[in-house]
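J.:
Number of protein chains: 2
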Amino acid sequence: MSIEALTEADDGPRSKRPAILAAAVECFGEVGYEATKWSEVADRVGIGQTALYHYFESKAHCLLTIMRLGLRNSDAAFREATAGASSSSDALRAAVEAAYALSPQEVQQNRILQSNIALLANERASRREETERQACRELVAQVEHNWAELLERGMAAGEFPRRDPQMMARSLLGLVVGVWRWYRPGGPLELRTISDFITGCCVRMVAGREPDAG
Amino acid sequence: MSIEALTEADDGPRSKRPAILAAAVECFGEVGYEATKWSEVADRVGIGQTALYHYFESKAHCLLTIMRLGLRNSDAAFREATAGASSSSDALRAAVEAAYALSPQEVQQNRILQSNIALLANERASRREETERQACRELVAQVEHNWAELLERGMAAGEFPRRDPQMMARSLLGLVVGVWRWYRPGGPLELRTISDFITGCCVRMVAGREPDAG
DNA sequence: CCACCTAACTGAGCTGAGTTCAGTTTGATT
DNA sequence: AATCAAACTGAACTCAGCTCAGTTAGGTGG
Chain A
1 MSIEALTEAD DGPRSKRPAI LAAAVECFGE VGYEATKWSE VADRVGIGQT ALYHYFESKA
61 HCLLTIMRLG LRNSDAAFRE ATAGASSSSD ALRAAVEAAY ALSPQEVQQN RILQSNIALL
121 ANERASRREE TERQACRELV AQVEHNWAEL LERGMAAGEF PRRDPQMMAR SLLGLVVGVW
181 RWYRPGGPLE LRTISDFITG CCVRMVAGRE PDAG
Chain B
1 MSIEALTEAD DGPRSKRPAI LAAAVECFGE VGYEATKWSE VADRVGIGQT ALYHYFESKA
61 HCLLTIMRLG LRNSDAAFRE ATAGASSSSD ALRAAVEAAY ALSPQEVQQN RILQSNIALL
121 ANERASRREE TERQACRELV AQVEHNWAEL LERGMAAGEF PRRDPQMMAR SLLGLVVGVW
181 RWYRPGGPLE LRTISDFITG CCVRMVAGRE PDAG
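Top line first, the protein sequences correspond to chains A and B.
For the first sequence, UniProt numbering gives the first residue as 1, with consecutive numbering after it.
For the second sequence, UniProt numbering gives the first residue as 1, with consecutive numbering after it.
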């Protein structure tokens with residue numbers, strides 16, 4: 001199992017942090033955060049339940065970490081995908097395609113992020129959880145900002161009609177990430193097909209003029 | 001507080017079911033399902049914690065009921081809104097507008113539905129919870145079907161370009177309900193403004209042709 | 001080889017929200 | 001007033017998340 005998307009710089013060589021995160025992504029993705037027993041994660045990693053607390057303050061702290069890393073990856077993928085685009089329209093296509101260029105594990109990570117996004121709304125009691133939550137909120141704002149900036153450039157260049165960039169960014173994001181609510185790896189639809197379809201929707205939404213009424 | 005959207009036929013005159021549902025909508029909407037204490041709901045209604053179990057088998061059963069009633073209302077609102085439309089384009093606009101013609105309490109209900117939609121994926125252990133879950137799944141399918149049918153008619157009539165109706169329906173729904181992830185009553189944006197904006201997005205997505213590349 | 005240190009880990013037990021249960025109250029009906 | 005069902009309660013149980021005091025594993029300096 002790939003653990004690149006779940007590793008951070010400050011993990012020592014003996015650390016089981018990435019392994020715990022990977023196991024948690026599996027569990028949370030399969031049966032949901034609430035329904036997974038924290039001890040089940042420990043079993044999959046092959047350690048006692050209490051060893052988890054050497055790495056994470058709580059089950060919620062683990063979830064928030066997964067969410068932050070997912071957001072970090074999304075942010076990085078957007079930047080990389082749009083860096084070399086010659087037009088805003090190309091950048092838009094590249095950004096949407098990048099959002100779906102994911103391994104099955106990363107898909108799970110995004111589904112988890114999407115399912116538990118409401119967790120970011122309210123303050124957390126413990127220090128470390130709150131720190132992760134704040135980091136997530138900043139990354140969400142950053143991702144929204146990335147899309148809004150792309151839109152603003154396209155509008156300034158005359159490629160896109162002028163519309164509220166923030167609301168448009170949120171709408172695009174809603175459209176793009178809404179897919180994780182129903183897509184399942186190995187399901188009837190290929191991710192490539194979905195990606196092309198959604199790209200078309202985004203382009204029409206952003207670049208399209210109002211069609212004639214009727 | 002309005003309790004129309006939370007009442008069912010088989011509630012007796014002394015029943016506190018609607019009151020419990022209303023209190024639960026408040027709590028679940030404010031701090032989230034997981035973070036609300038079941039006893040807090042009892043306190044708001046003014047009954048002991050155990051009295052809740054006279055009406056609901058569990059906290060999850062209550063949540064699933066809230067979700068089912070929200071879906072029932074969405075389904076009904078769609079039918080009512082689109083019944084008298086003269087064209088598919090008008091029906092589309094009416095359907096989107098109807099999705100946002102909600103009281104603050106119904107907005108909360110939709111936010112709860114959206115936040116906990118993943119709960120419908122996995123089987124429930126207890127009978128009554130599983131019954132509610134199945135009902136929710138059928139209503140979700142029904143709502144998707146409503147939108148897909150609207151799109152198919154528009155395509156058949158030549159109003160909309162031909163595209164996969166189911167994927168388009170899901171995309172529209174993702175766009176429409178995605179708003180509940182960031183909208184808050186009393187926030188900077190009026191629901192009316194959002195409604196108009198999203199309507200435009202939906203129309204361009206569905207009726208728009210691919211704009212010229214560039 | 002040993003002393004030492006820190007990261008990694010464990011078993012036993014605590015905590016509290018969700019839940020069960022046996023029994024009581026309330027209110028309508030006859 | 002007697003009766004019955006719906007509505008309700010207090011005490012106790014469950015069990016997943018979590019705490020804590022103490023142990024093991026692996027690496028480093030003497």
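Glycine is no exception: its CB is placed at the ideal position from the N, C-alpha and C atoms.
As the structure is a computational prediction, the values presented were derived from the model and not from experiment.
Suppose contacts are defined by Cβ-Cβ distances below 8 angstroms. Is PHE160/A in contact with SER88/A by that definition?
T.: The count along the first sequence starts at 1 and reaches residue 160/A at position 160. The count along the first sequence starts at 1 and reaches residue 88/A at position 88. Their beta carbons are under 8 angstroms apart, which means PHE160/A touches SER88/A by this criterion.
J.: As a quick exercise: from GLU210/B, GLY200/B, GLU130/B, pick the residue whose alpha carbon is nearest that of ARG68/B.
T.: Translated into positions along the second sequence, residue 68/B becomes position 68. When only C-alpha atoms are compared, the closest one is GLU130/B.
J.: Kindly list the residues whose CB is nearer than 8 angstroms to the CB of GLU106/A, restricted to its own chain and excluding five residues on each side of it in sequence; keep chain order.
T.: Here the question's residue 106/A lines up with position 106 in the first sequence. ALA5, GLY70, ASN73.
J.: Taking the CB atoms as reference points, tell me whether ASP164/B and PHE197/A lie closer together than 8 angstroms.
T.: Here residue 164/B is taken as the residue at index 164 of the second sequence, counted from 1. Here residue 197/A is taken as the residue at index 197 of the first sequence, counted from 1. Yes.
J.: Okay, do the region 119-127 of chain B and the region 21-37 of chain A touch, 3+ Cβ pairs below 8 angstroms being the bar?
T.: yes
J.: Output yes if chain A places a C-beta closer than 8 angstroms to the C-beta of CYS136/B; else output no.
T.: Counted from its first residue, the second sequence places residue 136/B at position 136. Chain A, which has no Cβ nearer than 8 angstroms to the Cβ of CYS136/B, makes this no.
J.: Note down, in chain order, all residues in the region 19-45 of chain B with a beta-carbon under 9 angstroms from any beta-carbon belonging to chain A.
T.: Residues GLU30, VAL31, GLY32, TYR33, GLU34, ALA35.
J.: Does the distance from the CB of LEU172/A to the CB of MET205/A come in under 8 angstroms?
T.: Numbered from its first residue, the first sequence carries residue 172/A at position 172. Numbered from its first residue, the first sequence carries residue 205/A at position 205. Cβ atoms of LEU172/A and MET205/A: closer than 8 angstroms.
J.: Determine, using beta carbons only, whether TRP182/B comes closer than 8 angstroms to chain A.
T.: Taking the second sequence and counting its residues from 1, one reaches residue 182/B at position 182. With 8 angstroms as the cut-off, TRP182/B counts as an interface residue toward chain A.
J.: Helix, strand or coil for TYR100/B per DSSP?
T.: Here residue 100/B is taken as the residue at index 100 of the second sequence, counted from 1. The answer is helix: DSSP assigns TYR100/B an H, G or I state.
J.: Would ILE112/B and VAL203/B be called neighbours here (beta carbons separated by less than 8 angstroms)?
T.: The sequence position of residue 112/B within the second sequence is 112, counting from 1. The sequence position of residue 203/B within the second sequence is 203, counting from 1. No.
J.: Based on Cα-Cα distance, which residue from ALA19/A, LEU64/A, ASP10/A lies nearest to GLU138/A?
T.: By 1-based counting over the first sequence, the position of residue 138/A is 138. Among ALA19/A, LEU64/A, ASP10/A, the Cα nearest to that of GLU138/A is on LEU64/A.
J.: Report yes or no: is there a C-beta of chain B within less than 8 angstroms of the C-beta of VAL179/A?
T.: For the purposes of this step, residue 179/A is taken as the residue at position 179 of the first sequence. Yes, contact with chain B.
J.: Using three-state DSSP, classify ASN116/A as helix, strand or coil.
T.: For the purposes of this step, residue 116/A is identified with residue 116 of the first sequence, where counting begins at 1. The answer is coil: DSSP assigns ASN116/A none of H, G, I, E or B.
J.: Quick one, are the C-beta atoms of residue 227/A and ASP10/A less than 8 angstroms apart?
T.: One cannot answer for residue 227/A here, as it falls past the ends of chain A, which runs 1 to 214.
J.: Let me check understanding here. Comparing Cα to Cα, which of ARG14/B, GLU97/B, ARG133/B lies closest to VAL176/B?
T.: Taking the first residue of the second sequence as position 1, residue 176/B is located at position 176. The shortest Cα separation from VAL176/B among ARG14/B, GLU97/B, ARG133/B belongs to GLU97/B.
J.: Give the interface partners of GLU122/B over in chain A, defined as CB-CB distance under 9 angstroms, in chain order.
T.: By one-based count along the second sequence, residue 122/B stands at place 122. Glu is not the amino acid found at residue 122/B; the sequence shown has Asn there. Those are GLU30, VAL31, GLY32, ALA35, listed as they occur along chain A.
J.: Quick one, are the C-beta atoms of GLU144/A and ALA125/A less than 8 angstroms apart?
T.: As a first step, residue 144/A is located in the first sequence; it is residue number 144 there, counting from the start. As a first step, residue 125/A is located in the first sequence; it is residue number 125 there, counting from the start. Taking 8 angstroms as the Cβ cut-off, GLU144/A and ALA125/A do not qualify as a contacting pair.
J.: Spatial neighbours of ALA77/A within its chain, please: CB distance less than 6 angstroms, with the 5 preceding and 5 following residues excluded, ordered by chain position.
T.: For the purposes of this step, residue 77/A is taken as residue 77 along the first sequence, with counting starting at 1. Correct list, in chain order: ALA98.
J.: Cβ of ARG192/A versus every heavy atom of the ligand ZN: is any distance shorter than 7 angstroms?
T.: With respect to the ligand ZN, the structure shown offers nothing to examine, as it has no ligands at all.
J.: Quick check: what's the CA-CA separation for LEU191/B versus GLY200/B?
T.: Here residue 191/B corresponds to residue number 191 of the second sequence, with the count starting at 1. Here residue 200/B corresponds to residue number 200 of the second sequence, with the count starting at 1. If you take the alpha carbons of LEU191/B and GLY200/B, they lie about 14 angstroms apart.
J.: Spell out whether any CB of chain A is found under 8 angstroms from the CB atom of MET67/B.
T.: As a position in the second sequence, residue 67/B is number 67, starting the count at 1. Closer than 8 angstroms: no.
J.: Nearest-angstrom Cα distance between CYS27/A and SER39/A?
T.: Mapped onto the first sequence, residue 27/A falls at position 27. Mapped onto the first sequence, residue 39/A falls at position 39. Their Cα atoms are separated by approximately 11 angstroms.
J.: By the DSSP assignment, the alpha helix (DSSP H) with THR193/B in it spans what residues?
T.: Position 193 of the second sequence, counting from 1, holds the residue named residue 193/B. Residue range 191-207 is occupied by the alpha helix (DSSP H) that includes THR193/B.
J.: For residue 246/B and LYS59/B, what's the separation of their Cα atoms in angstroms?
T.: What the structure shows of chain B is the stretch from 1 to 214, and residue 246/B is not part of that stretch, so it cannot be assessed.
J.: I'd like to know whether the C-beta atoms of GLY208/B and GLY208/A end up nearer to each other than 8 angstroms.
T.: Translated into positions along the second sequence, residue 208/B becomes position 208. Translated into positions along the first sequence, residue 208/A becomes position 208. In contact: GLY208/B and GLY208/A (Cβ atoms closer than 8 angstroms).
J.: Could you check which residue in THR36/B, GLU8/B, ALA42/B has the C-alpha nearest to that of ILE20/B?
T.: Here residue 20/B corresponds to residue number 20 of the second sequence, with the count starting at 1. Per the Cα distances, ALA42/B.
J.: With DSSP collapsed to three states, give me the class of GLU8/A.
T.: Here residue 8/A corresponds to residue number 8 of the first sequence, with the count starting at 1. Residue state, collapsed to three classes: coil.
J.: Where TRP180/B and GLY46/A are concerned, what is the direct C-alpha to C-alpha distance, given to the nearest angstrom?
T.: Residue mapping note: residue 180/B aligns to position 180 of the second sequence, counting from 1. Residue mapping note: residue 46/A aligns to position 46 of the first sequence, counting from 1. Whole-angstrom Cα-Cα distance: 40 angstroms.
J.: 8 angstroms is my cut-off, CB to CB: does LEU119/B come that close to chain A?
T.: As a first step, residue 119/B must be located in the second sequence, where it is residue number 119. It does: the Cβ of LEU119/B has a partner Cβ on chain A nearer than 8 angstroms.
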